[in-house]
Structure formats: C-alpha cells, structure tokens
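A short write-up of the structure that comes next.
Number of protein chains: 2
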Amino acid sequence: MGRRSDHTKEELQQLTIEATLALVKEQGVAQVTVRQIAEAVGYTPGMLYSIFDNLQAIFLHVNVASLKGLYAACVKAQKSSKQPEAAITAMGMAYLKFAEKNTHQFELLFQPVPPDVSRPLELGVRIRSLFELVELELKALDPNATDAAVALGARTLWSGVHGAAALNATNQLYSEQKNADRLIVQMLVSRFVDSWQR
Amino acid sequence: MGRRSDHTKEELQQLTIEATLALVKEQGVAQVTVRQIAEAVGYTPGMLYSIFDNLQAIFLHVNVASLKGLYAACVKAQKSSKQPEAAITAMGMAYLKFAEKNTHQFELLFQPVPPDVSRPLELGVRIRSLFELVELELKALDPNATDAAVALGARTLWSGVHGAAALNATNQLYSEQKNADRLIVQMLVSRFVDSWQR
DNA sequence: AGGTATATTGAACGCTGTTCAATTAAATTT
DNA sequence: AAATTTAATTGAACAGCGTTCAATATACCT
Numbered sequence: 316m317g318r319r320s321d322h323t324k325e326e327l328q329q330l331t332i333e334a335t336l337a338l339v340k341e342q343g344v345a346q347v348t349v350r351q352i353a354e355a356v357g358y359t360p361g362m363l364y365s366i367f368d369n370l371q372a373i374f375l376h377v378n379v380a381s382l383k384g385l386y387a388a389c390v391k392a393q394k395s396s397k398q399p400e401a402a403i404t405a406m407g408m409a410y411l412k413f414a415e416k417n418t419h420q421f422e423l424l425f426q427p428v429p430p431d432v433s434r435p436l437e438l439g440v441r442i443r444s445l446f447e448l449v450e451l452e453l454k455a456l457d458p459n460a461t462d463a464a465v466a467l468g469a470r471t472l473w474s475g476v477h478g479a480a481a482l483n484a485t486n487q488l489y490s491e492q493k494n495a496d497r498l499i500v501q502m503l504v505s506r507f508v509d510s511w512q513r
Numbered sequence: 316m317g318r319r320s321d322h323t324k325e326e327l328q329q330l331t332i333e334a335t336l337a338l339v340k341e342q343g344v345a346q347v348t349v350r351q352i353a354e355a356v357g358y359t360p361g362m363l364y365s366i367f368d369n370l371q372a373i374f375l376h377v378n379v380a381s382l383k384g385l386y387a388a389c390v391k392a393q394k395s396s397k398q399p400e401a402a403i404t405a406m407g408m409a410y411l412k413f414a415e416k417n418t419h420q421f422e423l424l425f426q427p428v429p430p431d432v433s434r435p436l437e438l439g440v441r442i443r444s445l446f447e448l449v450e451l452e453l454k455a456l457d458p459n460a461t462d463a464a465v466a467l468g469a470r471t472l473w474s475g476v477h478g479a480a481a482l483n484a485t486n487q488l489y490s491e492q493k494n495a496d497r498l499i500v501q502m503l504v505s506r507f508v509d510s511w512q513r
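So, in structure tokens, the structure goes:
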C-alpha cells in the first residue's frame, strides 16, 4: 500500500510504545521482536523504522512510560505520611513493590544502553524528579542542609533502595530472611535518617 | 575431523571461558557471538554445545571468573586497614573501581538470567563470600550483634554500594558532582557505621 | 482528471543461536 | 598389524533476528 495516514506520526509512535510496553510486560524485553511489535500495531516491520531509529530507541521510550508509573507510585506513597522518615520509607517500599510487580519493566529500565544510541531527554528529567521527591523530604528534615548535601543524601539513599531492588530482582541477595529487600530498606532509611541531622 | 583429544573436556571448558571473558572485556556481552568464541578457541561453533548447554551457560561461567577478580580486589582493599570502618569503605571503593574498570564484566554480572537456565552453584558461593567480608567487619564493630542482624547489615551496606556502582555504570545518577559514586559510598558507610552500635 | 508527494510494503541481506547427521581419528579388540 | 568400535568434531542446515530500500499504492494538490 501507499500512504494510509490512519494516524499521525505521533499517534503511531505512541501506539507503538504502548504495544511494546504490553509485550515487555508479558514476555520480558529479551523475547520482544520488531516483528511482534509491528503485528501488534497492525503494520509491517519496515514502517517502525520510519518513526523510530531502531528497536533500542523504542525500548527507551518504553522506559519513559515505565518511569511515569514508578514516579506515580512514589508520589502516592509519599502522600501517605506527613513525617519525612515515614514518607521516605514508604517511597522506598513503593520502589521495591514496583520492581517486584513489574519485573520485566524494571529490568529494561536499568539495562545498559549501547554507547551509540542516545537516551530521550525525557528519561533524564524523569529520573531526576524521582530524586527530587527524596530531596524534598531531606530538606524538610534539615532545612539548614546545603543543596549539594541534600542532593548527595538523596542519591545515597536511593542507591541503597535501588541496590536492594536490583539485587533482589536478580536473586543475588542470598538472605535467609524472606522479604529481605524490605528489611534492608527499613534499616537503610532508619539509620540514615537518624544520622541526617549532623 | 573425528576425535582430536588435544584437550580434556575440562580444559576445553576453561579455555572457552577464558576466551569468552577476553571477548566480553573487549566488546561487551551484547557483541559476543558463539562463532567468535569458537574461532578464538580454534574449534567450530557446534563443538561448544558438547561442553556447555548454551551461550548463556558460558556467560554464567564467565561471571564466576569475574567474581573471583572482584573478590580478590575486595580482600586486598580490606587488608589495607585494621579499622573496620576504613576497611568497609576501602572495600566499597574497590567495588566501585571494579565496576568502572571492568564495565562489561560488571554489566554481565548483574544481567538478569532467563528463568529456564540455572546458575552454576559456585556463583552463589562467591557472592555469599563477598557479603561475608562485610559481615566480618560489622561483627568486629559490634561483637554483641546477632548473626541475623550482621547478615542484614552487610546486605544493607552492600545494596548501597552496589546501587551506586550500578546507577553510575548506567549513567543514571544525574549528579552535578564528579565522582558522585565515591561520595555516595563515603556518606553511606560513615553514616551507617556511626549508627551501627545501637 | 492528472500529477506529485509520501506512507507503507515486502522482499532481501547478513547476521544470530542451535541442532544433528556425517565424518574422521583415536582407542580397543582381534 | 589389521580390523573394529567408539566418540570428538565438523559443517551444513534451520528458523529466526534487526535492518534497509526499491517498488507500490494511496492521499493530496492543481
């Protein structure tokens, strides 16, 4: 066929991203192929290359969608408590929950990106805004802390949460306890916050 | 040809693992193919399937080799100081350094494993022994701590170190500071250790 | 109605991991 | 020493992959 124009380029991109996200959720990234995606959106594989650079680029846009979900979950958790420490813990737990309930998306999110492809700018923005949620709570705990200290603190805390989620997701915690990831976040946050006000 | 028997099965496996490790170091996992490995060891691709289940299995054995290196680096760092806190920090830094200097190996180490393939037992043993290094220092800091508390503490600390290394490796720390990963480990360890003795 | 622009196709390319019958050399038996 | 058995290794084949691009068929414009 020739020009169909059932959808604008942007609509087609959005459609593709949604279809790919669904496939990733079902099967995991490793199993998702260009031909599958094409069939899901009702086009041929070649078409996808007129709206995206390559398969990797599609996956990166799926990550943007995933981050929206993760961010929403963290914000919801944050609202659950007025006290900063509880709010941080709740966000940490939300992060773990997201990683456990959306294993395949989580895997994709933190998969290394080949050096020749560039991430969509929106990805960086979304990750930063996750950090900001934590920064806000740390600032509330100690209004005198410098911006640099707050930024570093948030990243320290979030490294711990992410590490627990990542090691747990790849079965590399090797703990006797069950829900070890939860215990870790609990311990991490409580000890870190205790010593936050110097 | 028929039976060549230049090497025993075990020698051939070791040869294959070493050749694959070298290729991974050079190019990263994603670029390494069965045909490349076969050529590197001087055989045809088919042969590899008589000594390994599949390509994934070869990669997992490469991970065992990588963990030996990581463990050695951590032990060396640990020996650099008598004081537990300094020893833990040094190990954390060694972990970061390993991740930075051996990016491709580090990526492979924490890549998700398809559920149908099983890890070599040795992998679990080696990861546990990494945790044990930290556990030893925590026990030294507080001899009264229960084994469970020590195990959890080590995993909390190590989640933080691993998270920093992983986020840094995938450029997802988004920090203004340079060597942000180092600063994170510094902050993490000092605050955690300060509050370790209840 | 005819011509131009372009969205989409579909076939092709060179790869990939994996399998397996055929081959060949070593080990064993005669 | 020759014949036979055993098994290590080959190499060709398979189905599938991501990606490219000339050909095509539709929508738009004059």
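Note that the protein sequences, when read in sequence, are chains A and B.
End of the first sequence = 513 in this note's numbering, gap-free, step of one.
End of the second sequence = 513 in this note's numbering, gap-free, step of one.
In this text, a Cβ means the ideal position worked out from N, Cα and C, and glycines have one as well.
Is residue i near the ligand GDP, judged by its Cβ being under 8 Å from some heavy atom?
i, result
"R441/B", "Within the structure as shown, the ligand GDP is missing, as the structure has no ligands at all."
In whole angstroms, give me the CA-to-CA distance for residue i and residue j.
i, j, result
"A479/B", "H322/B", "42 Å"
"N494/A", "L382/B", "25 Å"
"E415/A", "F367/A", "30 Å"
"R330/A", "L488/A", "It should be noted that the sequence gives Leu, not Arg, for residue 330/A. Those two C-alpha atoms are separated by around 38 Å."
"S444/B", "C389/B", "11 Å"
"V377/B", "L424/B", "9 Å"
"W511/A", "L451/A", "14 Å"
"I352/B", "E447/B", "34 Å"
"V347/A", "E341/A", "9 Å"
"A387/B", "K394/B", "11 Å"
"P435/B", "A460/B", "32 Å"
"V349/B", "G361/B", "9 Å"
"N486/A", "G317/A", "49 Å"
"E422/B", "L482/B", "11 Å"
"Y358/B", "R319/B", "11 Å"
"V508/B", "L363/A", "52 Å"
"G343/B", "I332/B", "15 Å"
"S365/A", "K454/B", "60 Å"
"I442/B", "K324/A", "48 Å"
"F413/A", "L385/A", "7 Å"
"S433/B", "Q420/A", "22 Å"
"A469/A", "L498/A", "19 Å"
"D496/A", "D496/B", "21 Å"
"K458/A", "P458/B", "Note that residue 458/A is Pro in the sequence shown here, rather than Lys. For P458/A and P458/B, the distance between alpha carbons rounds to 37 Å."
Applying a beta-carbon distance threshold of less than 7 Å, which residues of chain B neighbour residue i?
i, result
"D509/A", "S510"
"A414/A", "The premise fails here: A414/A is roughly 12 Å from chain B at the closest Cβ pair, so nothing lies under 7 Å."
"T461/A", "Within chain B, no residue comes near T461/A; the closest Cβ sits about 12 Å away, beyond 7 Å."
So which residues of chain A does residue i contact, with C-beta pairs closer than 7 Å?
i, result
"R350/B", "None at all; the shortest Cβ gap to chain A is about 20 Å."
"H376/B", "Under the 7 Å cutoff, chain A gives no residues; its nearest Cβ is about 16 Å from H376/B."
Quick one: which chain A residues come within Cβ less than 9 Å of residue i?
i, result
"M362/B", "Result: empty, since nearest Cβ-Cβ is about 25 Å, beyond 9 Å."
"D345/B", "In the sequence on display, residue 345/B carries Ala and not Asp. Those within 9 Å of A345/B in chain A are P427, P429."
Please tell me whether residue i and residue j are closer than 9 Å, where the distance is taken between their beta carbons.
i, j, result
"L503/A", "T471/B", "yes"
"E400/A", "L456/A", "yes"
"T418/B", "A484/B", "yes"
"A529/B", "A380/B", "Any property of residue 529/B remains undetermined from this structure, which presents chain B solely from 316 to 513."
"T288/A", "S490/A", "Residue 288/A falls outside the range modelled here, since chain A spans only 316 to 513, and no answer is possible."
"L411/B", "V500/B", "yes"
"K397/B", "A409/B", "no"
"P375/B", "L438/B", "According to the sequence shown, residue 375/B is Leu rather than Pro. Closer than 9 Å, so yes."
"V476/A", "G407/A", "yes"
"W473/B", "V440/B", "no"
"Q492/B", "A402/A", "no"
Output, in chain order, the set of chain A residues within a Cβ distance shorter than 8 Å of residue i.
i, result
"Y489/B", "G439, I442, R443, F446"
"I499/B", "L467, R470, T471, S474"
"M502/B", "L467, G468, T471"
"A380/B", "Chain A residues near A380/B: none, gap ~17 Å exceeds 8 Å."
"A495/B", "L467, R470"
List, in chain order, every chain B residue whose beta-carbon is nearer than 8 Å to that of residue i.
i, result
"E422/A", "P427"
"G478/A", "W473, S474, G475, V476, H477, G478, A479, A481"
"Q342/A", "Per Cβ cutoff of 8 Å: no residues; Q342/A is ~11 Å from chain B at best."
"T335/A", "The premise fails here: T335/A is roughly 18 Å from chain B at the closest Cβ pair, so nothing lies under 8 Å."
"Q328/A", "The premise fails here: Q328/A is roughly 23 Å from chain B at the closest Cβ pair, so nothing lies under 8 Å."
Three CB pairs or more closer than 8 Å across the stretch 428 to 435 of chain A and the stretch 363 to 378 of chain A: yes
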